[in-house]
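Taken in order, the sequence shown gives residues 8 to 196; the numbers are from the numbering used here. No residue lacks a Cβ here, since even glycine has one placed at the ideal position from N, Cα and C. Owing to the predicted nature of the structure, the values given are computational and were not obtained by experimental measurement. All remarks here apply to the structure that follows.
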Amino acid sequence: MDEKRIENAVKEILNAIGDDPNREGLVETPARVAKMYGEVFASLDEKATFDDYKVFHVDEDPGMVLIQQIPFYSMCEHHLLPFFGTANVAYVPRDGKIMGLSKIPRLVDFVAKRPGVQERITTQIVAQMEQILHPKGIAVSLSARHMCMEMRGISKSGLFTYTSKFEGVFKDDLELKNEFLRQTGNHSE
Ligand SMILES: Nc1nc2c(ncn2[C@@H]2O[C@H](COP(=O)(O)OP(=O)(O)OP(=O)(O)O)[C@@H](O)[C@H]2O)c(=O)[nH]1
Ligand SMILES: [Zn+2]
């Protein structure tokens, strides 16, 4: 990431909104924003990859593995305002192939830390899980608040947007899908 360029751009924005980038409270702001963008957009760094996942084997296929309520923070690509919430990620292993549990929240972070939309985070979690494990099934659901709908524009506070994607056995096996929905606090039909 080109921090110097971000700093200059932030100075320019401060000027453009009619504030003074040289006043005491703002002098260090461009550098802080550049550093902050480095964090919230960390996945755009050319060195950033999600290849530190660990795959293990168990003798018998367990059923569903589900990590619930994984907090995530992202920035909407339309307004560069935060959207944030929680993700539920489940899979059903194939051939005893399982993943290091901590890698799932890492994967959610990796997918979230770039300008995006909630729908794409949802589908990319599914795509990455598929690539790493080729499991029998994947279920992902996200619930998030979008600051671009709360602090501006339509200005509706406390709206939660829900997105979900079900693959493989989660599509075919209604009981399994219902178990995911029940466990994650959502109600099936
Ligand atoms: N589908 C989707 N839309 C999003 C997401 N985050 C923000 N948006 C929407 O992106 C849209 C951008 O619409 P535009 O009409 O181009 O922008 P705008 O004039 O600022 O729109 P308003 O927010 O309605 O004022 C808005 O409707 C936002 O609510 C997201 O994660 N997914
Ligand atoms: Zn937005």
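Next on the checklist: With a threshold of 8 Å (Cβ to nearest heavy atom), would F91 be considered close to ligand 4?
Outcome noted: Among the ligands in the structure shown, ligand 4 does not appear; only ligand 1 and ligand 2 can be found there.
Next on the checklist: Three or more C-beta pairs under 8 Å: does that hold for the segment 98–106 against the segment 60–75?
Outcome noted: A contact exists between the segment 98–106 and the segment 60–75.
Checklist entry - If we count Cβ pairs, one from each stretch, closer than 8 Å, do we get three or more for the segment 91–103 versus the segment 173–190? => result The segment 91–103 makes contact with the segment 173–190: 3 or more CB pairs, one atom from each, lie closer than 8 Å.
Checklist entry - Any heavy atom of ligand 2 within a distance shorter than 8 Å of the CB on M156? => result At least one heavy atom of ligand 2 falls within 8 Å of the beta-carbon of M156.
Checklist entry - Would you call the CB atoms of K143 and F48 closer than 9 Å? => result At a Cβ-Cβ threshold of 9 Å, K143 and F48 do not count as neighbours.
Item to check | Heavy atom of ligand 2 within 8 Å of L88 beta-carbon | outcome: Yes.
Item to check | Reference M71, options I161, A146, L21 and V124, closest by Cα | outcome: Taking only the C-alpha atoms, the option nearest M71 is A146.
Checklist entry - Residue range of the beta strand (DSSP E) that L149 falls in? => result Segment G144 to H153, the beta strand (DSSP E) holding L149.
Item to check | Rounded separation between V65 and I111 - CA only | outcome: Roughly 18 Å between the two C-alpha positions.
Checklist entry - Going by Cα to Cα distance, which pick from P28, P37, G123 and E157 is closest to E14? => result Looking at the Cα atoms, P37 is the closest of the given residues.
Item to check | Anticipated Cβ contact below 8 Å, L88 with C155, distance rounded | outcome: Separation of the CB atoms of L88 and C155 is rounded to 4 Å, and the pair is thereby assigned contact status at 8 Å.
Checklist entry - Out of curiosity, what's the CA-to-CA distance linking E46 and D9? => result Between the alpha carbons of E46 and D9 lies a gap of roughly 13 Å.
Next on the checklist: Any heavy atom of ligand 2 closer than 8 Å to the beta-carbon of H64?
Outcome noted: Ligand 2 never approaches H64 closely enough for any of its heavy atoms to be under 8 Å from the residue's Cβ.
Checklist entry - Quick one: is the Cβ of H153 within less than 8 Å of any heavy atom of ligand 2? => result For ligand 2, at least one heavy atom lies less than 8 Å from the Cβ of H153.
Item to check | S148 beta carbon less than 9 Å from that of F187 | outcome: Cβ distance < 9 Å, so F187 and S148 count as in contact.
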